[in-house]
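Enquirer: Just passing along the structure, written as structure tokens.
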Amino acid sequence: MRALAFLLFLGLALAQYDLVVYGATPQGVAAAVAGAQEGLKVLLLEPGRGVGGVLTQGWLATLDVAKDKEGLLQGGLFREFYRRLGQDPSFDAGRAEEVFWALLREAGVEVRLEEPLDRLEWDGPRLTQLFTPKGGYQAPYFLDATDTAELAFRAGASFTLGREDTGLDRRSMAATLVFRLEGVPWGVVFLALNYEGQVRRTGAGAWGRSGWGFGELVRGYIPSDPGRYALRGLNLARQDDGSLLVNALLLFGLEGADPQSLERARAEAALEAERVVAFLRERDPLIFGTARLAGVAPALYVRESRHLKALYRLRAEEVLLGRTFPDAVALGGYPLDGQAYYPGETPYLLGTPAPYGVPFRTLVPREFRNLLVVSQAAGFDSAAAFSARVAPLQMALGEAAGVAAALLRKAPQAGLLKVPLADFHELAGSPSGIEVLRQRLLERGARLSSPEKGQVEADKPGYREAVSLLRRGLFAGPYYLKGSLGLAEPIILGDFLANLEHYHRAKGPEERLRVVLKARELYREELQRPLKRATLNHILLALGEGRTQGGDPVTRGEAAQLLYRLLP
1 MRALAFLLFL GLALAQYDLV VYGATPQGVA AAVAGAQEGL KVLLLEPGRG
51 VGGVLTQGWL ATLDVAKDKE GLLQGGLFRE FYRRLGQDPS FDAGRAEEVF
101 WALLREAGVE VRLEEPLDRL EWDGPRLTQL FTPKGGYQAP YFLDATDTAE
151 LAFRAGASFT LGREDTGLDR RSMAATLVFR LEGVPWGVVF LALNYEGQVR
201 RTGAGAWGRS GWGFGELVRG YIPSDPGRYA LRGLNLARQD DGSLLVNALL
251 LFGLEGADPQ SLERARAEAA LEAERVVAFL RERDPLIFGT ARLAGVAPAL
301 YVRESRHLKA LYRLRAEEVL LGRTFPDAVA LGGYPLDGQA YYPGETPYLL
351 GTPAPYGVPF RTLVPREFRN LLVVSQAAGF DSAAAFSARV APLQMALGEA
401 AGVAAALLRK APQAGLLKVP LADFHELAGS PSGIEVLRQR LLERGARLSS
451 PEKGQVEADK PGYREAVSLL RRGLFAGPYY LKGSLGLAEP IILGDFLANL
501 EHYHRAKGPE ERLRVVLKAR ELYREELQRP LKRATLNHIL LALGEGRTQG
551 GDPVTRGEAA QLLYRLLP
């Protein structure tokens, strides 16, 4: 209350709003626009210099879209955003920012840039005021849309850090600095990435504005600091001016929740980007010989930092097996696809989910009744966030959050609820209130269900062990294994080794990790084939374990039981 008294002493009144959204990320824009469209007076505060977050300031210019037989899993505002961009997964970053601004203007949202959070005031479990260096703002409802949940954390909400929930360590997935290349002929890139041999060996390809591949090309890159940087295969997004935005430079060991450390890391990584471009020019002059570094993204692409201890935490098996919830306010379906936690580590892939619902409760902090968190830092276990973190789903959740705030604010006058609800905790606990919220989202064009369902294999051997491993990110599965643990399917050798590698990189011992990495090298021609019994026993003996009995191939159910014993 001292801050309020100081403002009154200066003759400055707190600006009053129905909803304050902190963070002009894709989900923050969606929340602000939805709230304003539903009749609220909305303020969108952004600590940086632009709107659009990771898509426009981080230059992540390719959307991680998910579809079922009926089309996009996310409707509503995301579908409108996607339509205005031209319905191509890759897009021009400048054009995306224009679309975000247009949506905000059309809805009548007040936007204030370069207003970082200074301090907060609260009364028990309710936030009351938010202060930046430029002013103070008051509202009955607040929404934290920052990628790191900075507002909720500073208010005192509880979180886990990185993958702490797995028991492996507290590290976060690698961040990325996207950089811009000029002078690279797209036709040459398109030809190289769609060459049949390249596609067959590495899964490379190019279509529309998107390109992905060159994994073999970048394998020889030696970073200036191998403990901090790594170069993965290039993900490319062609821009309107012909330049290419390149998602490939990984940064490890960041304190992803500290804005100042993130900015220092971005500035230092810009020097690494210069080394990367020089390497590409030398390694393949026909494609990259005329390439020029034309800048780096204004912000890092931060995949992971905190995970909210919400009223409900979404789990990995609920994602993979396509669980639905009575309070689901959005659909997800992007693969459980995680980036490495250590340099040189095999990326994480746990399979492709059946369409799953995201409960409203995952957005609600336990400690605050008038605050929602909408970002990859919301109430998702770290492995579940491999899928739930992507921008299309986050935009759908942002829209739901804005509509929820409007429902609480406007319901008493409009008679929408039989029993008035005072805050998000009461809404989360009210089946009738949730039904009104879901109905309004459907009226706005959201999707909350899918005809495609997952396959629960609780009666098969290895189910309990597989679920436990999956929650820790230690039960890899191929993209084609959709909505299923595939316990009766053969396990792929590369997937089996990836689980061992991920565990031993975090927990040791070093000797076992060396065995696993050597096995990947020796059996590299067989990594995408079913694991044979003889190969399994060869690896187990090298690890100092006993042989197994049985036939070929080794099933995923048997592998789950074995891994559960080997990876305590």
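With this note's numbering, the residue at position 103 of the sequence shown is 103, and numbering never jumps.
Glycine included, C-beta positions come from ideal geometry on N, C-alpha and C.
Name, in chain order, the residues that DSSP records as bridge partners for P365.
Expert: A310
Enquirer: Are the stretch 279-297 and the stretch 318-330 touching by the rule of at least three beta carbon pairs closer than 8 Å?
Expert: no
Enquirer: Could you pull out every unbroken beta strand (DSSP E) segment of at least 3 residues lying fully inside the stretch 94-179, listed in chain order?
Expert: For the beta strand (DSSP E) assignment, the uninterrupted runs of no fewer than 3 residues enclosed by the stretch 94-179 are, from N- to C-terminal side, 110-112, 119-123, 126-132, 135-138, 141-144 and 159-161.
Enquirer: Based on the DSSP secondary-structure assignment, which residues constitute the bridge partners of S90?
Expert: T62
Enquirer: For R2 and K134, what's the separation of their Cα atoms in angstroms?
Expert: Its pLDDT being 49, under 50, R2 is placed unreliably in this model, and the value from its coordinates should be taken loosely. Spanning the two alpha carbons is a distance of roughly 17 Å.
Enquirer: On a Cα-Cα basis, can you pick out the residue from R84, A265, E216 and G338 that is closest to G162?
Expert: Taking only the C-alpha atoms, the option nearest G162 is G338.
Enquirer: Is it buried or exposed, P140, if we count other Cβ atoms within 10 angstroms and call 16 or more buried?
Expert: P140 is buried by the Cβ-count criterion.
Enquirer: If distances are taken between C-alpha atoms only, which option among D258, G136 and L300 comes closest to A273?
Expert: L300
Enquirer: Return the residue from the list I539, L336, S158 and A559 that minimises the CA-CA distance to A488.
Expert: A559
Enquirer: What's the gap between the Cα of A411 and the Cα of T176?
Expert: 43 Å
Enquirer: How should F9 be labelled, buried or exposed, when 16 other C-beta atoms within 10 angstroms of its C-beta is the threshold for buried?
Expert: Caution is warranted here: a pLDDT of 38 is assigned to F9, below 50, making its placement in the model unreliable, and the coordinate value is therefore given only provisionally. Answer is exposed; the Cβ neighbour count stays below 16.
Enquirer: Measure the alpha-carbon distance for A542 versus V515 and round it to whole angstroms.
Expert: 7 Å
Enquirer: Does DSSP put Q561 in a helix, in a strand, or in coil?
Expert: Judged by DSSP in its simplified three-state form, Q561 adopts helix.
Enquirer: Flag this pair as yes or no: are the beta carbons of H502 and S382 separated by less than 8 Å?
Expert: no
Enquirer: Of the residues A310, D327 and A248, which one's Cα is nearest the Cα of A340?
Expert: Here the closest residue by C-alpha is A248.
Enquirer: Across the stretch 420-440 and the stretch 458-474, are there enough close Cβ pairs to call them in contact, namely three or more that are closer than 8 Å?
Expert: no
Enquirer: Just confirm the distance between the C-beta atoms of V29 and A36, as a whole number of angstroms; I'd bet it's less than 8 Å.
Expert: Actually they do not touch by this definition, with Cβ atoms about 11 Å apart.
Enquirer: Here's the rule: buried if 16 or more other CB atoms are within 10 angstroms of the residue's CB, otherwise exposed. What is F6?
Expert: Summary for F6: the model assigns pLDDT 49, below 50, so the residue's position carries little reliability, and this model does not support an answer.
Enquirer: Just how far apart, CA to CA, sit E569 and V329?
Expert: This structure leaves residue 569 out entirely; the chain is present only between 1 and 568.
Enquirer: I'd like to know whether the C-beta atoms of G402 and A32 end up nearer to each other than 8 Å.
Expert: yes
Enquirer: Count the other C-beta atoms from every protein chain shown that fall within 10 angstroms of the C-beta of W207, then say buried if there are 16 or more, exposed otherwise.
Expert: exposed
Enquirer: What does the alpha-carbon distance come out to for the pair E150 and D258?
Expert: 9 Å
Enquirer: Leaving out five residues before and five after A428 in sequence, what residues of the same chain have Cβ atoms less than 8 Å from its Cβ?
Expert: The beta carbon of A428 sits closer than 8 Å to the beta carbons of L311, D327, F360, R361, V364 and I434 from its chain, once the five residues preceding and following it are set aside; these are given in chain order.
Enquirer: Using a Cβ-Cβ cut-off of 6 Å (strictly less than) and excluding sequence neighbours within five positions of G253, which residues of its own chain qualify?
Expert: Residues of the same chain with a CB within less than 6 Å of the CB of G253, apart from the 5 flanking positions on each side, do not exist.
Enquirer: Put R389 into one of helix, strand or coil per three-state DSSP.
Expert: The answer is coil: DSSP assigns R389 none of H, G, I, E or B.
Enquirer: Label L511 either buried or exposed according to how many other C-beta atoms from any shown protein chain fall within 10 Å of its C-beta, with 16 as the threshold for buried.
Expert: Reading off the sequence, residue 511 comes out as Glu, not Leu. E511 sits exposed, since fewer than 16 C-beta atoms from the chains shown fall within 10 Å of its C-beta.
Enquirer: Is the distance from the Cβ of R556 to the Cβ of G486 below 8 Å?
Expert: Their beta carbons are under 8 Å apart, which means R556 touches G486 by this criterion.
Enquirer: Taking only the alpha-carbon atoms, compute the straight-line gap between G544 and N499 and give it to the nearest angstrom.
Expert: 17 Å
Enquirer: Nearest to L567 by alpha carbon, out of R447, A406, P509 and L63?
Expert: P509
Enquirer: Taking 6 Å as the limit between beta carbons, can you name the residues of its chain near L143, skipping five residues before and five after?
Expert: Here the set comprises V21, A31, L372 and A401.
Enquirer: First and last residue of the alpha helix (DSSP H) that includes P431?
Expert: Note, P431: alpha helix (DSSP H), P431 to E443.
Enquirer: Run through the stretch 276-355 for me and flag every whole alpha helix (DSSP H) of 4 or more residues, listed as ranges in chain order.
Expert: DSSP runs (the alpha helix (DSSP H)) wholly in the stretch 276-355: 285-288 and 316-320.
Enquirer: Just mark Q561 as buried or exposed, buried being the case when its beta carbon has 16 or more other beta carbons within 10 Å.
Expert: buried
Enquirer: Using the Cβ count rule (16 or more neighbours within 10 Å means buried), how would you classify S387?
Expert: The residue is buried, with at least 16 neighbouring Cβ atoms inside 10 Å.
Enquirer: For Y82, report the span of its beta strand (DSSP E) as first-last.
Expert: Where Y82 is concerned, there is no enclosing beta strand (DSSP E), although the alpha helix (DSSP H) it sits in stretches over G76 to L85.
Enquirer: Classify L566 as helix, strand or coil using the three-state DSSP reduction.
Expert: helix
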